[in-house]
Amino acid sequence: MENTKNNEMTRTLTLVKNDQDYSKNANSVNYLIKDGDNPEKLAWDFYKNKKMKNVLLSANNITEGQFQPGMMIRVPIVKSANLSGLNIVKKEEPKKQGNILGIIETYNGRGGETLDYLAHVYYREQRFAYIIAVYNQKPLNYELEKGEKILIPFKVVEVKQGETIFQIAERETRLRNYFLNLLMINRKLKPKVGDRLRVPPVSNY
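All letters in the sequence shown, in the order written, are residues 1 to 205 by this note's numbering.
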């Protein structure tokens, strides 16, 4: 465990060694889209808020035009989500990455920070705020209180022979242009074979 302090935050790094530790705070489900479903309808069914459709679309990296019956999607579940009567499919357990599943960073709140802000600081991408919300069981629009601790999960991947940072970024986040963010997060301009990189755990949610 290592503590680092700066003007913005205090972070604590903790290795996660097994599936149970990694997923104990996570709460997401797989949902099979059926006829009559659309993003706004499901946002209302799950969150009682039609604007939360963007959470569903971002979590699956799809547009409204790609939302079709028969498609399996991941639904991040936050407080007040309603699962009754919905077509839920059991979620698969996350797979290990070598002998380390991930790293959890702890953010000590100053008060008033949003999950969008934390996603920008840690992941360099606000759309990944739903990951922090799900892992900590908070509403997506949650604001931190002073001194409150929020956990920021990362997945750890190892650079393999012949693999590029472009390929890792697209495979792990499904965002083609995310490679620059990965370089910034890991502070590695040219990752080498065997290097371990921290990436947002998109595939686990």
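Even for Gly, the Cβ is constructed at its ideal location relative to N, Cα and C.
- 191 is the residue among 131, 191, 177, 134 whose C-alpha sits nearest the C-alpha of residue 158.
- The alpha-carbon separation between residue 153 and residue 102 amounts to approximately 7 Å.
- Ranking 73, 106, 194 by CA distance to the CA of residue 34 puts 73 first.
- With a cutoff of 8 Å on beta-carbon distance, residue 57 and residue 63 are scored as near each other.
- Under a 10 Å Cβ-count criterion, residue 53 is classified as buried, with 16 or more other Cβ atoms of the shown protein chains found around its own Cβ.
- Excluding the 5 residues flanking it on each side, residue 126 has same chain C-beta neighbours closer than 6 Å at 116, 119, 120, in chain order.
- Between residue 200 and residue 49, the alpha-carbon positions lie close to 25 Å from each other.
- For residue 74, the beta-bridge partners assigned by DSSP are 30.
- In the DSSP assignment, residue 198 falls within the unbroken beta strand (DSSP E) covering 196-199.
- For residue 71, same chain residues with a beta-carbon under 7 Å away, outside a window of 5 residues either side, are 33 in chain order.
- Of the other Cβ atoms in all chains shown, fewer than 16 fall within 10 Å of the Cβ of residue 171; this residue is therefore exposed.
- In the three-state reduction of the DSSP assignment, residue 106 falls in the strand class, which pools E and B.
- Residue 40 sits in a helix when the DSSP states are folded into three classes.
- The alpha carbon of residue 162 has as its nearest neighbour, out of 195, 146, 188, the alpha carbon of 195.
- Ranked by how close their Cα comes to the Cα of residue 37, the residues 61, 66, 183 have 66 in first place.
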